[in-house]
Amino acid sequence: MNLVMSDITRNKLGCYMAQQASLNNIPVSALVSRFTVEPSVQQRFENASKESTEFTKRINVIGVTDQKGEKILLDTTGPIARTNTSYDGTKRRNPNNVVDLKNRKYQCEQVNYDTFISYPQLDAWAAHPDFQSRISAQIARQVALDRIMIGFNGTSHADESNFSTNKLLQDVNVGGWSTSEPTPANAL
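Oh and the sequence shown: position 145 is 146 in my numbering, straight run, nothing missing.
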């Protein structure tokens, strides 16, 4: 296995890192430590992740700032379409209140998405003009796939997840897409 990065790859990787630093208004040297991702950069990443699979394109994802809270979107309890009205106003329209006011709480837990790309892979990708977007798109897609796996299989949030015993990411976070509670009609 090649443990030496080519000069072309080193240059392209340097440009990629400079771009990431620039987007987040930090020096390149800060990329090796913790930093807060700029909200606009985070939103672009979230959008790229959501758009990377057909399934996640169809899911509502609403960013929140509070770790705990109540549901964000309003649910409805039934249909509102009808034809029992008249054009001349002799028959009164009777609208229905179908807003679901049941509580549904959420709690956000920290989930880390850590990855690396080997030198041989970087060397192979460096030949492509879309080097930076290729790396970003691959990471965004894997984040989306992991979220799908957690959504269907997640049962708990462990302080330290164990991939060897939870290959479906059961201990990364609590899912909820496969359950029929609390809204059976909305279960996938």
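We put the CB at the ideal spot given by N, CA and C, even for glycine.
Exercise for the section: For Ala138, collect the residues of the same chain with a Cβ closer than 8 Å to its Cβ; drop the 5 residues on either side in sequence, then sort them by chain order. Expected result: Ala49 and Ser53
Problem - Identified DSSP bridge partners for Glu71 - result: Lys106
Problem - Assigned secondary structure, Val144 (DSSP; H/G/I helix, E/B strand, else coil) - result: helix
Problem - Identity of the residue in Leu170, Gly155, Asp89 and Ile140 nearest Arg45 by Cα - result: Ile140
Practice task
For the segment 63–80 and the segment 93–105, state whether three or more C-beta atom pairs, one from each stretch, are separated by less than 8 Å.
Solution key: yes
Practice task
Spell out the partners DSSP gives Thr156 in its beta bridges.
Solution key: Val175
Practice task
Using beta-carbon positions only, say whether Asn16 and Gln68 come within less than 8 Å of one another.
Solution key: Contrary to the premise, residue 16 reads as Cys rather than Asn in this sequence. Not a contact, by the Cβ cut-off of 8 Å.
Practice task
Compare the C-alpha of Ser30 against each of Lys58, Ala19 and Ala145 and name the closest.
Solution key: Ala19
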